[in-house]
Each structure stands twice: as C-alpha cells, then as structure tokens.
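Novice:
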Amino acid sequence: MTMTAIDVLRSRRIVDDQALSHAREEAESSGESLLNVLVRQRAVTRKEAVAATVAAAGLDFIEVLDVTVDPEVASLLTGDQARRYNALPVRLEGNTLLIITDPANASEFQIREDLQAITRHPLRIACSLKEEVAQRINQVYRSDTELGQLVEDVLEDENVVDIEAPVASASDAPLVKYVNILLSQAISDGASDIHVEPHEDYIRVRYRIDGVLKEMQPAPKELQSALISRLKIMSDMDIAERRIPQDGRLSVRTEGKTVDLRVACLPTVWGEKIVMRILDNSAAAMALSQLGFSDYNLSAWRSAYEKPYGMVIVSGPTGSGKSTTLYATLNAIARPEVNIVTVEDPVEYRIPGINQVQMNTKAGLTFASALRSILRGDPDVILIGEIRDGETAKIAIESALTGHLVLTTLHTNDAPGVVTRLTEMGVEPFLVTSALECATGQRLARRLCMHCRKAVQPTVSELAAVGFEYPEGIEATFFEAEGCTRCAFTGFRGRIGLHEVMLMSDEIARLATERASTDAIREAAIAQGMRTLRQDGWSKVAQGMTSINEVLRVVAS
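Residue 317 in the working numbering sits at position 273 of the sequence shown, with consecutive numbering throughout.
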C-alpha cells in the first residue's frame, strides 16, 4: 500500500486525528488540498509538510543547512550550474553522488539526467526546502572563487581597464558581473556596509556583518580605476571629480527584492574609497517589540513618546541603531489624524504617509532652516535625524516647548550624557530640563546563533572579574558562540539592542540646572530606577541571547 504525505505525518505523530478532522472539513468546503489546509492552520509546519511529501515519494529529506559538504565533491558542479538546477553535491557514497535539491527538481527526469551527465556519477537524490538549498549553495559556492575568475576576465579585457567612463555597458561584461556579485553577496550575507578601499598594491574589500567588519577577497590594483568608476556611475556621481567627497544612491534587485544603497565616496592618498550602506527597508517597518527593549525599558520609553509634546532623544555612536528605533517609534504613533514631518540627512528609509525632508546644504536647506519652515506647516510630530549644532538644538527644544513632540538623535556615550551635551551646545539648562522627557542610550550586540550556541558555566571568579550582575527574576543560563553553516561559522546571527532609558525627574532637572557632571546625573538616574546599558546587557546574557564577551565588546564599564 502506497503511503501518502498525510500517512507519513500521522505515523510520525506530527498531526493528530482531531486536527485532521478539522482540516478535512475546511478542505472539502474550500476545495484546497488537505496538506495545504494543515499548513495554513499551523497544525504542521511547511518544512514538516515538505518532508512528509518527500518521504511519501520514497526520497530522503535532509536539513541542507546543517549538512557537511565535501569541497572536492562540490566542485563537480560550477556555481552557475548549482544555481541553475538548485542542486548541491554533498558527498560520494562509494561511487554514488549524493545531491540535495528541492522536491520539484527531484521529480524532473531531465534534470536528473543532466546532473548525472555533468557529474559523471550515478546519483542519490535527497530533498530540502527550495530556499534553504539556494542559501546553502550560496554559502558553498562563495563569490570568492567567482570574483577571482571575473577579476582575471576584467584584466584580460583591455577596453574595460583602460576606459574610465561607463566601462562595460553590456550586461554580460566581466566588470558588470564582478560588481553585481560583490553587491549580491553582501546582501545575501546580511551585511550592513560594503567598504571598497584602495591601498598601495591592492584594493581591500570588506563587509560589515552584524557590526563587525569581515575581510573579503581583495582585488588587484589594476582594477581600481574601472571599479571605482563603475560604482560612481551606478550611484549617479561625477566620475570626473576625484578631489572632493561625493554622495550618491543606487538601487539593486536581488533575490526577488529591491534593495537601496547609500553610497559615499572619499578621496584618500591611494585613491577614492567607496562605502555603501545597505538600507534594508524592512527596518523601517519594525515594531519596538522587535528591537530588544526589556519590559521595563519599553514601558518607560512608551510613557515618553505617548505624550503630546516634549523631546525624546536616542543617543549612541554611529551604527548603534538609533534611526531604526526612531522609525519604529514613528510606526507606533503614526495615525491619519497625526501630521508627522521628518528632517533627515540623508533620508535612509522612505515611509508611506509621512512627510520626509532631505537636507541639501549646498542649496541652503539645513536642519535649522528646514525646521523653521516645518513649524509653519502645522506639524504634530517632528523627527530630526540628528542634532549636530547649537542652532538646531535650540529650535528643536523650542518646538518641544510649543506643543510639538520631537524625536531626534544625539551622539553621546550614554543617556545621562544627553543633558550635558545639550548644555555644551549652548542651550540653557532650564530649557533642556523643561523640554526633555526621555533620553535613551543604545548599543547593538550580536545575537548568538540559536542553532549552534554552546552552553557554558563560568566560575564565580570569572563572573566577578567582568562585573556580572545577576538580573532579578531571571534564572541565568550562559552560552557562548560556536559556529555553524547557518551563521557562516561566526557563532552569531543578527543583532539585538541594549538600552538604558532615563526619564526626566525633578532631581535630574535640579542637577542639570546646577550644571552637574554626567556622573552625578547618572547616579541620580540609577537611583530612580534606570538600568544601565551594562545591566541590560547582562539581562540578555542571562536569557541566552548574547554572550558575556559580546556585551564587554560593545559596552564600556
């Protein structure tokens, strides 16, 4: 008797009779397959459904992201061939080649014949999820090899190297392919920035992944002129101007989605350096609950931004997620009856329904001049990308004191430093304390990969040496990074926010008026309940989200 996918699910006790009964009723009324209904009702996961379907067809289902791939066996297919067939050679079992592909390809006779002819081995076909096969292929057939070959092709193409203008207009030109792979690999790896840095003898290429720069395969010096020109053309910069910094923007389409990149060009002694910030538009749609706020910190932050007027500030260094926090806050307060205007330099994420103003200093449109005009446009909420000078700070505070909610960022080391920094900019302390409702300090720590993190138990002396404090109400479980295919063997995947939220109080206002030090303000804030960045980090360590070393890396004592 032939088993069906439903039989497999029942035999594996993944789905029970009651769930099947409910699903059958809906399937009969809707005409949808029983398996699809089970997935939609979340009685089974999509992976479980695919695995059951594969088992019913007499094939093995293998978790492709966890499998170890023999590099010599992988070389039986080129990267292009592996992607075309969505098939990954894994290992030889005797003379039989194990290949993992998706269920649709596994059932195609012609694809099996093609793969057997190319690899010259009899095949054993196993299956995994289509998107996971594609992800693993990109990990195995890293762009390093392909980039290396393309560099050789570019150097052999004299026209490409010698001509600085749109060096390869044809879509299949080697340089175009090189740049496309450079960008697509960074996006696939989850990089936030791409650095292309000329040096004396070579061009260094680095990706910033989860806040840490990772060096990629360098490019030869001979490619510099063509590569920089290509990137400047794509970003709509002036390729004839090499003496001053330039900014640009470009959009690329990869893996079925459009990604925007903000590009900066900076002249250095060895040539022009290009830094591309990859703008993931999904960040603009994030909710505050996704940013790692603890319940206490989120409640304090919410109490500030839900007020009809006043100023709330997110502080931290460059790349600490300040803009993402502000956008998430905007998402929480955006309603049709609220007029929201933002003043940014640059506008990183475009949000429907919100009026966003892009700075243009050359044309005289600065933060200060834009704010004066915005205040005449009946705003309810104003987002200022960054307070950079005393004039902007004064106008922002005046806006907060005249019935507007002002959201902004400031570069300081922590939340208490916001008060001191504003007074240093020339704002009177009594105005700061009257306008400021809340200051939040923020850092981003790498999140441990949940698939490979390793449980550890530090000794009491080790915990004391780093000043670890056990958070109240949490039973601490410690983990450290290990590394697997899912996290590119870094041990980390994604990032999580560390926060300290300081609400304005009478005591802090008194200290600010007296121009007390940041340390005195910090002590008062802690006394009224503020949890420091380090304490918030220890809480996330205790919950197994990150490691002790990672908190020590991003937060000073």
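Glycine included, every Cβ here is placed at the ideal spot set by N, Cα and C. Computed from a predicted model, the values in this text were never measured in an experiment.
1) Distance check for A348 and Q572, CA to CA, integer angstroms please.
2) Which residue from S364, T369, G336 puts its Cα closest to that of A329?
3) Distance check for L547 and W582, CA to CA, integer angstroms please.
4) Run the CB neighbour count on D237, radius 10 Å, all protein chains shown included, and call it buried at 16 or more, exposed below.
5) Assuming A479 and G354 are in contact, meaning their beta carbons sit under 8 Å apart, how far apart are those beta carbons, in whole angstroms?
6) Give the single residue among R128, A284, Y246 whose Cα lies nearest to the Cα of L267.
7) Mind checking whether A71 and N80 have CB atoms under 9 Å apart?
8) Between which residues of its own chain and D61 is the CB-CB distance below 7 Å, once the five residues before and five after are set aside?
9) Which one of L64, R90, M47 has the shortest CA to CA distance from L78?
10) Work out the CA separation of A95 and T140 for me, nearest whole Å.
11) Could you confirm whether any beta carbon from chain B is found closer than 9 Å to the beta carbon of A412?
12) Output the distance between the C-alpha atoms of K265 and L257, rounded to the nearest integer angstrom.
13) I need the straight-line Cα distance from E202 to A217, nearest angstrom please.
14) Among all the DSSP beta bridges, which residues are the ones paired with K317?
15) Using alpha carbons as the reference points, say which of G527, L82, E175, M469 lies closest to H66.
16) Would you report the Cα separation of R379 and D424, rounded to the nearest angstrom?
17) Is the beta carbon of L488 closer than 9 Å to that of L374?
18) Taking the continuous beta strand (DSSP E) assigned at Q62, which residues delimit it?
19) Is the CB-CB distance between V117 and I144 below 9 Å?
20) Can you tell which of S338, I395, L332 has its C-alpha closest to the C-alpha of G365?
21) Per DSSP, which residues does Y251 bridge with? Please list them.
22) According to DSSP, N457 sits in a beta bridge with which residue or residues?
23) If distances are taken between C-alpha atoms only, which option among A483, D291, L219, V462 comes closest to N341?
24) Would you call R57 buried or exposed, if buried means 16 or more other Cβ atoms sit within 10 Å of its Cβ?
25) With DSSP as the reference, identify every bridge partner of H543, one or two as the case may be.
26) Count the other CB atoms within 10 Å of the CB of A212; is the residue buried (16 or more) or exposed (fewer)?
27) Who does Q402 pair with in a DSSP beta bridge?
28) Just confirm the distance between the C-beta atoms of E430 and T453, as a whole number of angstroms; I'd bet it's less than 8 Å.
29) Among G336, I318, S367, whose alpha-carbon lies nearest the alpha-carbon of N325?
30) Go ahead and label D665 buried or exposed: buried means 16 or more other beta carbons lie within 10 angstroms of its beta carbon, across all protein chains shown.
31) Straight-line CA distance for I207 to N399?
32) If I'm right that R6 touches A270 with Cβ under 8 Å, what's the distance once you round it to whole angstroms?
33) Considering only the alpha carbon of each residue, which of L159, A161, P147 lies closest to E175?
34) Let me confirm a value: D580 is counted as buried when at least 16 other C-beta atoms fall within 10 Å, else exposed. Which label applies?
35) Where DSSP assigns a beta bridge to I395, which residues make up the other side?
36) Whole alpha helix (DSSP H) runs in the stretch 463 to 514 with 4 or more residues, listed along the chain?
Specialist: With the given structure in hand:
1) 16 Å
2) T369
3) 21 Å
4) buried
5) The C-beta separation of A479 from G354 comes to about 6 Å, placing the pair in contact by the 8 Å criterion.
6) Y246
7) yes
8) none
9) L64
10) 23 Å
11) Protein chains in the displayed structure number just one, and chain B is not present.
12) CA-CA distance, K265 to L257, rounds to 21 Å.
13) Low per-residue confidence applies at E202: pLDDT is 43, beneath 50, and the placement is therefore not dependable enough to give any value.
14) L310
15) L82
16) 11 Å
17) no
18) DSSP places Q62 in no beta strand (DSSP E) but in the uninterrupted alpha helix (DSSP H) bounded by 61 to 74.
19) no
20) L332
21) The partner list for Y251 (beta bridge, DSSP) reads I238, K258.
22) DSSP, once it has assigned bridges, lists no residue as partnering N457.
23) A483
24) R57 comes out exposed.
25) Q486
26) Residue placement at A212 cannot be trusted, given a pLDDT of 41 that sits under 50; what the coordinates show is reported in the next sentence. Buried is the call here.
27) E388
28) 5 Å
29) S367
30) Since the first residue shown for the chain is 45 and the last is 601, residue 665 is missing from the structure and cannot be characterised.
31) Confidence in I207 is poor, its pLDDT being 28 and thus under 50, which makes the residue's placement unreliable; the coordinate value appears in the next sentence. So the alpha carbons of these two residues sit roughly 42 Å apart.
32) Nothing in the structure corresponds to residue 6, since the chain is present only between 45 and 601.
33) P147
34) buried
35) Answer is none; I395 lacks a bridge partner.
36) 473 to 479, 504 to 509
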